[in-house]
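The sequence shown runs contiguously to residue 294 in the working numbering.
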Amino acid sequence: MCIKPTPETRLPGELEREIFVIAALSFPQCILALLLVARRVHIWVEPELYRIVSDREKVIPPLYSVGDRTGLLDLDRLRKFGPWVKHVLLEYRPIREVIQVLECCPNVHDLSLRELQGPCIRLIPILEKLPLRWMSFDPMYFFQCKSPDVSIPFDQPTFHNLTHLVVNTTSSWTNWQQLARLPKLTHIAMMHNHSVNQQLIDHITDECASLELFVLFYWYNRLYVDGVTWNQKDPRVVIMRAVQYNVFTVRWGKGSLGEEDFWITAEKRKQRGSRQLDGNRGRGLDRLDRFNQ
């Protein structure tokens, strides 16, 4: 008796592609393994490998042609996959390199810049072309604003679509008053570096019409509350403990992977109304240790 072979059963191509892309988005740590499944899967999934671009060590894919940041930018790879890039983190890099990276990545909406080398003002024409919604940077350094009487020029197209902003801060509302001109800004995070005072917090919460959440970080085991009200009356203000300086870049890493970051943690605290902190014993703190691994 001759048994006829069973025809190979395959999913429709579009459905199969969607399954693999969803798997790559849901489990980015498995993308390298998915690339080895089949040539067609490699074509579908490889762009997702480039959704996140960082110049930090051990990040896949690297921006550079050799294994560390002393090498040359891999511009061929950036040009090929740049349109898929959504999240970019660059630290301590020359401005010319930052410009090259952002020119290759026209769809970036989440950008973190830290202590760049050179005049940051050269980035403005590039940033204006990006669909930025989330940004982390030091505006005082970026714009070279060294006086408490100078208003940081937020009121320009580069920042008008921002919803989330993470900044180092000063105590002068004059520096920050143009935040009130950002119509879509709903989330602000600042590091308490002995310069934040209650007046600044009140100005931001009163003047920023769309504000939903204001996160204030403080260092280590106690909050230095000179001029800051311990129990905030406005439920949108959440005070959180940071144990490492790189809390913002760690947020970037967690958030860009779709994991819980400090925004989500702060929102949970706001929702449950837990805003009381014990600075001496650390009771009731939403510690950020898990974000600083």
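Cβ atoms here follow ideal geometry from the backbone N, Cα and C, with glycine treated the same way.
Kindly list the residues whose CB is nearer than 8 Å to the CB of residue i, restricted to its own chain and excluding five residues on each side of it in sequence; keep chain order.
i, result
"Glu260", "none"
"Ala210", "Ala181, Pro184"
"Leu214", "Thr187, His188, Ile189, Arg237, Val239, Trp264, Ala267, Glu268, Lys271"
With DSSP collapsed to three states, give me the class of residue i.
i, result
"Leu201", "helix"
"Leu73", "coil"
"Ser211", "coil"
"Arg115", "strand"
"Arg97", "helix"
"His43", "helix"
"Glu104", "helix"
"Leu12", "coil"
"Arg273", "helix"
"Val86", "coil"
"Val38", "coil"
"Leu26", "helix"
"Ile20", "helix"
"Arg80", "helix"
"Arg123", "helix"
Under a CB-based cut-off of 7 Å, is residue i close to chain C?
i, result
"Leu183", "The structure shown contains no chain C; it holds only a single protein chain."
Are residue i and residue j touching if we call contact CB-CB under 7 Å?
i, j, result
"Val46", "Val86", "no"
"His204", "His188", "no"
"Thr230", "Gln199", "yes"
"Leu79", "Cys121", "no"
"Leu50", "Ile32", "yes"
"Arg123", "Ile96", "yes"
"Gly113", "Leu76", "Reading the sequence as shown, one finds Ser at residue 113 and not Gly. Cβ atoms of Ser113 and Leu76: not closer than 7 Å."
"Val42", "Phe21", "yes"
"Tyr218", "Met192", "Reading the sequence as shown, one finds Phe at residue 218 and not Tyr. In this structure, Met192 lies closer than 7 Å to Phe218 by Cβ."
"Leu128", "Ser172", "no"
"Val167", "Ser137", "yes"
Got a sec? Which residues, its chain only, sit under 7 Å from residue i by beta carbon, not counting five neighbours each side?
i, result
"His110", "Lys87, Pro132, Leu133, Arg134, Trp135"
"Thr206", "Leu212, Phe215, Asp235, Arg237, Val238"
"Arg52", "Trp85, Val86, Lys87, His88"
"Phe82", "Pro48, Tyr51"
Please work out which residues of its chain come closer than 6 Å, Cβ to Cβ, to residue i, disregarding the five sequence neighbours upstream and downstream, and give them in chain order.
i, result
"Asp139", "Asn169"
"Cys146", "Ile153"
Inset, instruction - Would you check if the stretch 149-163 and the stretch 173-192 touch, i.e. whether three or more CB-CB distances between them fall below 8 Å? - result: The way I'd put it, the stretch 173-192 does touch the stretch 149-163; three or more beta-carbon pairs between them come closer than 8 Å.
Legend entry - Length at least 3, wholly inside the stretch 127-173: the beta strand (DSSP E) runs in chain order: Fully enclosed beta strand (DSSP E) runs of 3 or longer: 135-138, 165-168.
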